[in-house]
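> Chains as they are written, first to last, in this note's numbering: chain A, 1 to 301; chain B, 1 to 374. The beta carbon of each residue, even a glycine, is placed where N, CA and C say it ideally should be. Here the structure is a predicted model, which means the values were calculated and not measured.
1) Once the 5 residues before and after residue 192 of chain B are set aside, which same chain residues still bring their CB inside 7 Å of it?
2) Across which residues does DSSP place residue 185 of chain A in a beta bridge pair?
3) Identify, in the order they occur along the chain, each residue of the same chain with its Cβ nearer than 8 Å to the Cβ of residue 71 of chain B, setting aside the five sequence neighbours on each side.
4) Taking CB distances under 8 Å as the criterion, tell me whether residue 131 of chain B reaches chain D.
5) Taking 8 Å as the CB-CB limit, is residue 193 of chain B close to chain A?
6) Report buried or exposed for residue 18 of chain B, applying the criterion of at least 16 other Cβ atoms within 10 angstroms of its Cβ.
7) Using a C-beta to C-beta distance shorter than 8 Å, which residues of chain A count as neighbours of residue 27 of chain B?
8) Would you list the residues sitting across from residue 22 of chain B in a DSSP beta bridge?
9) Answer yes or no: the CB of residue 39 of chain A versus the heavy atoms of the ligand MN, is any distance below 7 Å?
10) Note the first and the last residue of the continuous alpha helix (DSSP H) segment covering residue 137 of chain B.
11) Using only CA atoms, which one of B/81, B/58, B/289, B/23 lies nearest to residue 5 of chain B?
12) Using the Cβ count rule (16 or more neighbours within 10 Å means buried), how would you classify residue 141 of chain A?
13) Tell me the rounded alpha-carbon separation between residue 363 of chain B and residue 198 of chain A.
14) Taking the CB atoms as reference points, tell me whether residue 166 of chain B and residue 131 of chain B lie closer together than 8 Å.
15) Work out the CA separation of residue 86 of chain B and residue 2 of chain B for me, nearest whole Å.
16) Helix, strand or coil for residue 247 of chain A, going by three-state DSSP, please let me know.
17) Where does the unbroken alpha helix (DSSP H) through residue 236 of chain B begin, and where does it stop?
18) My guess is that residue 135 of chain A and residue 36 of chain A are in contact by the Cβ rule of under 8 Å, so how many angstroms apart are they, rounded?
19) Could you name each continuous alpha helix (DSSP H) segment of 4 residues or more that falls completely within the stretch 10-58 of chain B, going from the start of the chain to the end?
20) Would residue 317 of chain B and residue 288 of chain B be called neighbours here (beta carbons separated by less than 8 Å)?
21) Does residue 138 of chain A come out as helix, strand or coil in the three-state DSSP assignment?
22) Mapping the DSSP letters down to three states, classify residue 17 of chain A as helix, strand or coil.
23) So residue 304 of chain A packs on residue 138 of chain A, CB below 8 Å; how close in whole Å?
24) Can the beta-carbon of residue 38 of chain A be found closer than 8 Å to that of residue 69 of chain A?
25) Identify the continuous alpha helix (DSSP H) that holds residue 359 of chain B and give its terminal residues.
26) Mind checking who residue 88 of chain B pairs with in its DSSP beta bridge?
27) Assign residue 70 of chain A to one of three DSSP states: helix, strand, or coil.
28) From the beta carbon of residue 99 of chain B, is the nearest beta carbon of chain A less than 8 Å away?
29) Look at the alpha carbon of residue 117 of chain B and the alpha carbon of residue 178 of chain A, and state the distance between them as a whole number of angstroms.
30) Using the DSSP secondary-structure output, state which residues sit across from residue 277 of chain A in a beta bridge.
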């Protein structure tokens, strides 16, 4: 699927729905189109480090094994550090900042500060500030719903709290990038289970009402139903034992999935389906999920 | 309860001998449902039980008689257990506000904090604030002495470890020395000694002002000045929570699900719990196998043919079984490594969501039966 040639794609969703895998699959499919892609995780610890058995996940991009894109881990602190260093340009001051106990708690407490630092880094290429980032697309494996909402709300909150000075100015710039659909896209990942679907619809409504953003929705781990509804029904009525049980189970799953896909469609967009992939191998998972995303995008057009 | 409860020494011993059971684990593993099912089991065993949930699914909330906008403890309706099951949803913001009002030195001080814009954001978005409030709520419930057992469902975090670090984090964040420094460093003409001491930190503040603007600093100073009035209480409560969690009658249950990444995290969490001196009692692997996976489907294929659709379904069955076997290997390795650390319970995957108390009862029975026999 061509994600409309945007430069930043935020991938979020409820915890445990497979955001990271979907983000990696998008990175792969976009890199296949010849774009220079960076897959960025946010936070203090890395999912991809274990996933790809990386020696180290760090603030500087490294190639993702077996893929043609790079991967990076950005934390609020590492981004703030870079930002401060870039602007103060004085190493002594910068050390004073980060080796100071009080400053450390300040960074932890100050609401929105690390969110602003992260968004500052992600949008730095478009805003043409800070050290250059040589990529056509940054796919951001964002936080889970609650924290992701706080992340997206941070510039607006900061703009309102602080109207003057560099922080106010930069927050306005970030807000402009976030709400520019030409430059920035949002992907919400759900499972076809009650809680993730409800959370996705809430997130989607929030993006629409507060930012005017219409996100794409991915339904992940969709159980592939091997036969048609009519066939399964017939089998369920005529077969015995295990086959009857199995077809009954599949009918149940089909009904639940259809119902929840219907719920997701209320967002006004057709969810892109990624099937449950019968493997635990990273390369197989990313490859097949990327293929499914490409197919899903095709029949949307 | 029409059927007689089948005893399960493995799970029942955990529930009846504790005052607090904490269900830990990362997001999306079904922690809340497992916590609720354990609550049902405890009530069946005759305990006055409270389940504190964080973010229940709508159906689960309905099953427990919970209204998501009301955070009070309520008796779960239409139950007939020897004990009594109550439940509550934790509202992070309300708990934090309540805490401030209760511990501020007077009403004006309390209101000053509640009005501060930074506080308003902090009480819900600060990393660790949700964890802090659920632990505060746990402590209040235990102190009320209304319950024999309190089961805590922990907030969804990317990493379950965040939950354990929260009390210390909040505590150290508002350490008196930090707050004091901040207020003194920003007070104009704060005496010769404080001027000398804080010259370095003044430079830091000055730079921060350049980066963020003066308004930001003002808000911060106001916040720190206000939060000072509840400092001692924050510290005391953090210590009390720590004591409760590491006490002899608190046990941790790690809930995880059946894939490589989640099992790895459970392993990591198990080590971390040990290191921090918390008692890990059991690991519940949720959705460990599909309920329907019939073992003898092969023979039936030969016995009776139902045409091409049966072939399609059987092909699916083959693939699914292979996938399951693959994952089962991961599980066996996990179980081997955990053998000496905790009991493992496996819970099957249900095709349906939880609809009512009866579903929780059968899930509880499943957990009880899913005990690995060694």
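According to the structure shown:
1) Caution is warranted here: a pLDDT of 39 is assigned to residue 192 of chain B, below 50, making its placement in the model unreliable, and the coordinate value is therefore given only provisionally. Correct list: empty, nothing qualifies.
2) Answer is A/9, bridged to residue 185 of chain A.
3) Excluding residues within five positions, the ones whose Cβ falls inside 8 Å are 88, 89, 90, 91, 94, 95.
4) This model lacks chain D altogether; the protein chains it does include are A and B.
5) Summary for residue 193 of chain B: the model assigns pLDDT 40, below 50, so the residue's position carries little reliability; its value from the coordinates is reported in the next sentence. With 8 Å as the cut-off, residue 193 of chain B does not count as an interface residue toward chain A.
6) Residue 18 of chain B is buried by the Cβ-count criterion.
7) Within 8 Å Cβ-Cβ: 14, 15, 16, 144.
8) Residue pairing by DSSP puts residue 22 of chain B in a beta bridge opposite B/152, B/252.
9) The ligand MN is not among the ligands present in this structure, which contains no ligands whatsoever.
10) According to the DSSP assignment, residue 137 of chain B belongs to the alpha helix (DSSP H) that extends over 129-144.
11) Ranking B/81, B/58, B/289, B/23 by Cα distance to residue 5 of chain B puts B/81 first.
12) With 16 or more Cβ atoms within 10 Å of its Cβ, residue 141 of chain A is classed as buried.
13) Distance between the alpha carbons of residue 363 of chain B and residue 198 of chain A: 23 Å.
14) One thing to note: residue 166 of chain B has its Cβ within 8 Å of the Cβ of residue 131 of chain B.
15) With a pLDDT of only 45 at residue 2 of chain B, under 50, the local geometry of the prediction cannot be trusted, and the value read off the model is given with reservation. Rounded to the nearest whole angstrom, the CA to CA distance from residue 2 of chain B to residue 86 of chain B is 21 Å.
16) In this structure, residue 247 of chain A counts as helix in the three-state DSSP scheme.
17) Where residue 236 of chain B is concerned, the enclosing alpha helix (DSSP H) stretches over 231-246.
18) With a beta-carbon spacing of about 5 Å, residue 135 of chain A and residue 36 of chain A fall inside the 8 Å limit used to define contacts.
19) As far as the stretch 10-58 of chain B is concerned, its whole alpha helix (DSSP H) runs of at least 4 residues are 31-44.
20) No, Cβ-Cβ distance for residue 317 of chain B and residue 288 of chain B is not below 8 Å.
21) Three-state result, residue 138 of chain A: strand.
22) For residue 17 of chain A, the secondary structure class from DSSP, reduced to helix, strand or coil, is coil.
23) The structure shown has nothing for residue 304 of chain A, since chain A only spans 1 to 301.
24) Going by beta carbons, residue 38 of chain A and residue 69 of chain A fall inside the 8 Å limit.
25) Segment 357-369, the alpha helix (DSSP H) holding residue 359 of chain B.
26) DSSP, once it has assigned bridges, lists B/52 as partnering residue 88 of chain B.
27) The answer is strand: DSSP assigns residue 70 of chain A an E or B state.
28) Not an interface residue.
29) Distance between the alpha carbons of residue 117 of chain B and residue 178 of chain A is about 24 Å.
30) None; residue 277 of chain A has no bridge partner.
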